[in-house]
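Sequence lines, in order, name chains A and B.
Mapping the first sequence onto the working numbering, position 206 (from 1) lands on 206, and the numbers just tick up by one.
Mapping the second sequence onto the working numbering, position 153 (from 1) lands on 1153, and the numbers just tick up by one.
Below is one structure, written out as structure tokens; the observations come after it.
Protein chains: 2
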Amino acid sequence: MTGKVFVSVSMSLDGFIAPVSLDELMGKQWMELQKWIFPTRFFRENLQLGAGGEEGLDNDVARATFERTGASVMGKRMFEGGEHAWPEDPPFHTPVFVLTHEQREPWERLGGTTFHFVRDGIQSALDQAREAAGDRDVRISGGGATIVEYLNAGLIDEFDIALSPVLFGAGVRLFEEVDASRIALEQTRVQHSERATHLTYTVRRR
Amino acid sequence: MTGKVFVSVSMSLDGFIAPVSLDELMGKQWMELQKWIFPTRFFRENLQLGAGGEEGLDNDVARATFERTGASVMGKRMFEGGEHAWPEDPPFHTPVFVLTHEQREPWERLGGTTFHFVRDGIQSALDQAREAAGDRDVRISGGGATIVEYLNAGLIDEFDIALSPVLFGAGVRLFEEVDASRIALEQTRVQHSERATHLTYTVRRR
């Protein structure tokens, strides 16, 4: 039995998952988007920020998302954004398959994260991630364009959205290029804390 | 003591509240957006569609929204869209203040709905609606542009969104022109049925 292919992202109420440019100071809005996860015990542990942190639903959601993930897939821009920003022990602790046109040897980091560079398309990257994940799930990590590419191709089983009480007004929209005529959603779980509403959808073909 | 000024809309997961054109057949998506309200007992009663209908959370939310509303404000395009479509006894049963440039006498309909045409701007329409609503709340009914105009002007106290499990891909975005730098939201209530997640936000100035 193989695992699911899922997405887990924080989204603003107006549908954005990132500012226009990462150099831009989104200031309060960006922090508010992520506000549900930063104070959690899991987040602090996983990035080795020290002891402490909050328990509760947000912490449980963050930990469960991490624990179900056996491998990740990400687009080239997300990788390039993180390549110099992630610590030596990046927060994945699994194989990560990066969609790219560049030929590059696997890049092994501390703590179990190895980046593999895949040149032959999204299906191949997913197949390799499934193989690496074993019984666990494959997370399509991002960015938005990569997520929607998998979604439109019918390759996503489940969508987790942490809907944060913030408006961006501009930025990267999660569903910008979605082919809505082909995607049906079933709302399968709703949980909420004071900081976010955690929505789970099962994805089906129309 | 005067009531609140609130918005209550159904929104797709990708942020749309209406199709590109009302003539367009949105087909399944449009029906799915409204699917939480159509089968309710309240909806059937209010539009005189006959007895029966479902009880439960969705029905309670629809009824409570109606009962709190002492007057409504709407934009000209929403009014023009409904003018020939609403029945002789329109579903408002209160005074409705329509933002327009046209001079027109009040239009009294059956069942307590009277449309008043306001030519001197959004603040005036709101003042008149507050006066008419008495202790009850004023609903800014729509469309999207009118809602955001009031939101950006700092005139909305509360936002109710019925988030439906559907993607539109195109259409009228609720928050298209929002001035995000001025609006802060506090998530004050989350309820959900199988058909929608009912989100309530208190609106504050940044």
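Backbone N, C-alpha and C fix where the C-beta goes; we use that ideal spot for every residue, glycine too.
Practice prompt. Compute the Euclidean distance between the alpha carbons of F175/A and E1108/B, then round it to the nearest angstrom.
Written response: Stepping through the first sequence from its first residue, residue 175/A is reached at position 175. Stepping through the second sequence from its first residue, residue 1108/B is reached at position 108. If I take the Cα positions, the gap works out to 43 angstroms.
Discussion item. Can you give me the C-alpha to C-alpha distance between T94/A and Q128/A, rounded to a whole angstrom?
Written reply: In the first sequence, residue 94/A corresponds to position 94, counting from 1. In the first sequence, residue 128/A corresponds to position 128, counting from 1. Separation of T94/A and Q128/A (C-alpha to C-alpha, rounded to the nearest whole angstrom) is 13 angstroms.
Worksheet item: Are the CB atoms of V1190/B and H192/A nearer to each other than 8 angstroms?
Response: Here residue 1190/B refers to the residue found at position 190 of the second sequence. Here residue 192/A refers to the residue found at position 192 of the first sequence. Note that the C-beta distance between V1190/B and H192/A is below 8 angstroms.
Worksheet entry | 8 angstroms Cβ cutoff met for G1053/B and A1145/B | Numbered from its first residue, the second sequence carries residue 1053/B at position 53. Numbered from its first residue, the second sequence carries residue 1145/B at position 145. For the pair G1053/B and A1145/B, the CB atoms are not nearer than the 8 angstroms cut-off.
Fill in: Cutoff 8 angstroms; reference R1205/B; Cβ partners in own chain excluding five residues on either side
Indexing the second sequence from 1 puts residue 1205/B at position 205. The answer, listed in chain order, is G1154, R1182, I1183 and A1184.
Item to complete: Say whether chain A places a C-beta atom closer than 8 angstroms to the C-beta of Y1201/B.
Response: Start at 1 with the first residue of the second sequence, and residue 1201/B comes out as number 201. For Y1201/B, the answer is yes, since a Cβ of chain A falls inside 8 angstroms of its Cβ.
Worksheet entry | Secondary structure, alpha helix (DSSP H): runs of 4+ residues fully inside the segment 112 to 137 of chain A | Segments of the alpha helix (DSSP H) lying fully in the segment 112 to 137 of chain A: 122 to 133.
Worksheet item: Would DSSP call E32/A helix, strand or coil?
Response: Here residue 32/A refers to the residue found at position 32 of the first sequence. In this structure, E32/A counts as helix in the three-state DSSP scheme.
Worksheet item: Which residues in the same chain as T1040/B place their Cβ atom closer than 7 angstroms to its Cβ, once the five residues preceding and following it in sequence are excluded?
Response: The residue you call residue 1040/B lines up with position 40 of the second sequence. G1053, E1054, D1058, N1059 and A1062.
Discussion item. Pop quiz: F1097/B and A1071/B are said to be a contact at Cβ under 8 angstroms. What is the actual Cβ separation, rounded to whole angstroms?
Written reply: Position 97 of the second sequence, counted from the start, is the residue given in the question as residue 1097/B. Position 71 of the second sequence, counted from the start, is the residue given in the question as residue 1071/B. Indeed, because the Cβ distance is near 7 angstroms, the residues count as touching under 8 angstroms.
Worksheet entry | Proximity of L1163/B and L1199/B at Cβ, strictly below 8 angstroms | Start at 1 with the first residue of the second sequence, and residue 1163/B comes out as number 163. Start at 1 with the first residue of the second sequence, and residue 1199/B comes out as number 199. Taking 8 angstroms as the Cβ cut-off, L1163/B and L1199/B qualify as a contacting pair.
Worksheet item: chain A beta carbons: is any one of them nearer than 8 angstroms to that of T1197/B?
Response: Indexing the second sequence from 1 puts residue 1197/B at position 197. For T1197/B, a Cβ of chain A is located within less than 8 angstroms of the residue's own Cβ.
Practice prompt. For G52/A, name the three-state secondary structure that DSSP assigns.
Written response: Residue mapping note: residue 52/A aligns to position 52 of the first sequence, counting from 1. Correct three-state label for G52/A: coil.
Discussion item. E1158/B and K1028/B - do their beta-carbons sit closer together than 8 angstroms?
Written reply: Mapped onto the second sequence, residue 1028/B falls at position 28. Mapped onto the second sequence, residue 1158/B falls at position 158. Their beta carbons are not under 8 angstroms apart, which means K1028/B does not touch E1158/B by this criterion.
Worksheet item: How should V20/A be labelled, buried or exposed, when 16 other C-beta atoms within 10 angstroms of its C-beta is the threshold for buried?
Response: Residue mapping note: residue 20/A aligns to position 20 of the first sequence, counting from 1. Note on V20/A: under 16 other CB atoms within 10 angstroms of its CB, so exposed under the neighbour-count rule.
Worksheet entry | Sequence-distant residues of its chain with Cβ nearer than 6 angstroms to T65/A (five each side left out) | Translated into positions along the first sequence, residue 65/A becomes position 65. The residues are S8.
Discussion item. Using a 10 Å radius around the Cβ and a threshold of 16 neighbouring Cβ atoms, would you call E32/A buried or exposed?
Written reply: If you number the first sequence from 1, residue 32/A lands on position 32. It is buried - the Cβ of E32/A has at least 16 other Cβ atoms within 10 Å.
Discussion item. Per DSSP, what are the beta-bridge partners of S164/A in this structure?
Written reply: Within the first sequence, numbered from 1, the residue matching residue 164/A stands at position 164. The partner list for S164/A (beta bridge, DSSP) reads S12/A.
Worksheet entry | is_contact[F175/A, chain B] using C-beta, thresh 8 angstroms | As a position in the first sequence, residue 175/A is number 175, starting the count at 1. Chain B, which has a Cβ nearer than 8 angstroms to the Cβ of F175/A, makes this yes.
Fill in: Helix, strand or coil at T1069/B according to DSSP, with G and I counted as helix
Here residue 1069/B refers to the residue found at position 69 when the second sequence is read from its first residue. T1069/B falls in the strand class under three-state DSSP.
Worksheet item: Nearest to F1168/B by CA position, among S1010/B, F1006/B and P1091/B, is which residue?
Response: Within the second sequence, the letter at position 168 stands for residue 1168/B. By alpha-carbon distance to F1168/B, the top candidate from S1010/B, F1006/B and P1091/B is S1010/B.
Discussion item. Output needed for T197/A: all residues of its chain with C-beta closer than 6 angstroms, excluding positions within five of it in sequence on either side, in chain order.
Written reply: Here the question's residue 197/A lines up with position 197 in the first sequence. When the five nearest sequence neighbours on each side are left out, the beta carbons in the same chain lying within less than 6 angstroms of the beta carbon of T197/A are those of L163, in order along the chain.
Worksheet entry | Inter-residue spacing [alpha-carbon to alpha-carbon] between S1124/B and R1139/B | Position 124 of the second sequence holds residue 1124/B. Position 139 of the second sequence holds residue 1139/B. Answer to the nearest angstrom: the Cα atoms are 15 angstroms apart.
Practice prompt. For A170/A, name the three-state secondary structure that DSSP assigns.
Written response: Start at 1 with the first residue of the first sequence, and residue 170/A comes out as number 170. Residue state, collapsed to three classes: coil.
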